[in-house]
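Notes to accompany the following structure.
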Amino acid sequence: MRRPSIQLSSAFVAACIFAFGNAPACARTLTLTAAHLHDARGGVDARGLRVIVQERAGGDTLAISADHVDIAPLALVGMLDWRCALWRNDNGAATCAGAVEFDAPAGPRLSADLVARVDQQRVELTLSRGESRIMLSLPLAAGAPITAALQRVPAAWIKAPLAGFWKGGELRNGVFDAEAQWHADDRIDAQYHGRGLTFNTLDGSMAGDGLDVAGHLR
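So the sequence shown is residues 2 to 219, counted in our numbering.
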């Protein structure tokens, strides 16, 4: 498994947002488009991707959409649409918060709250739904670790990626807390705590219900 090359793309988006915000005030629109983005190793495919930053009299807005997104590790396939108001503090950091809608070809429409923050050091993303929260910190400096945290995340959210590592079993219920750092040399350090876990092996040789687990992963 290789660490994704996100520093360049994150830095580019951050630079565009900063340049847009520091330019002389006038009505203008910044549009970034990609007909097709594909990462075979990461299992991510996106078509018709659009990132639009727009300045209006009432304030700036940020919109991210895609005609088709396929994130194989998370078993997410469908259309993506997210937009929100963008504001900046005195240090120039840009923050945006709003509801994200994901239309899947089968099943109910997913709605969650997404907060994005861009400053000179990092891009931070927080996705929350009810009591569950996923946080991701993407550094702009080369070599700095990527940090991810999970708070009260239901087992269903991580069932698909876990299946790629544990092919002989499945996790059905429970909640997880975790914090991990993914270093530039592909080293991962993580601490995790699972509560009320229900699982079984596919051959029926082992099963568990209502278990609590905690540990450190490297």
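For every residue, glycine included, the Cβ atom is placed at its ideal position computed from N, Cα and C.
query	result
Report the three-state DSSP secondary structure of Ala157 (helix, strand or coil).	helix
Output the distance between the C-alpha atoms of Ala161 and Ala58, rounded to the nearest integer angstrom.	44 Å
Return the chain-ordered ranges of every alpha helix (DSSP H) run that is complete within the stretch 113-194 and spans a minimum of 4 residues.	156-166
In the DSSP assignment, what residue or residues form a beta bridge with Arg29?	Beta-bridge pairing links Arg29 to no other residue.
Asp213 to His194, Cα distance in whole Å?	7 Å
Does Gly211 come out as helix, strand or coil in the three-state DSSP assignment?	strand
Look at the alpha carbon of Phe200 and the alpha carbon of Asp210, and state the distance between them as a whole number of angstroms.	7 Å
Do you know how far the Cα of Lys168 is from the Cα of Ala98?	37 Å
Please name the residue in Leu203, Ala47 and Asn90 whose C-alpha comes closest to that of Leu172.	Leu203
Anyone know if the C-beta pair for Thr62 and Arg89 falls short of 9 Å?	no
Taking Ala94 as part of the beta strand (DSSP E), name the residues at either end of that continuous run.	That residue, Ala94, is in no beta strand (DSSP E); it is neither H nor E in DSSP.
Can you list, in chain order, the residues of its chain whose CB lies under 8 Å from that of Arg188, leaving out five sequence neighbours each side?	Arg219
Just to confirm before moving on: does the CB-CB distance between Ile135 and Leu128 stay below 9 Å?	yes
So what's Asn90 in DSSP terms, helix, strand or just coil?	coil
By the three-class DSSP mapping on this structure, what secondary structure does Ala58 have?	coil
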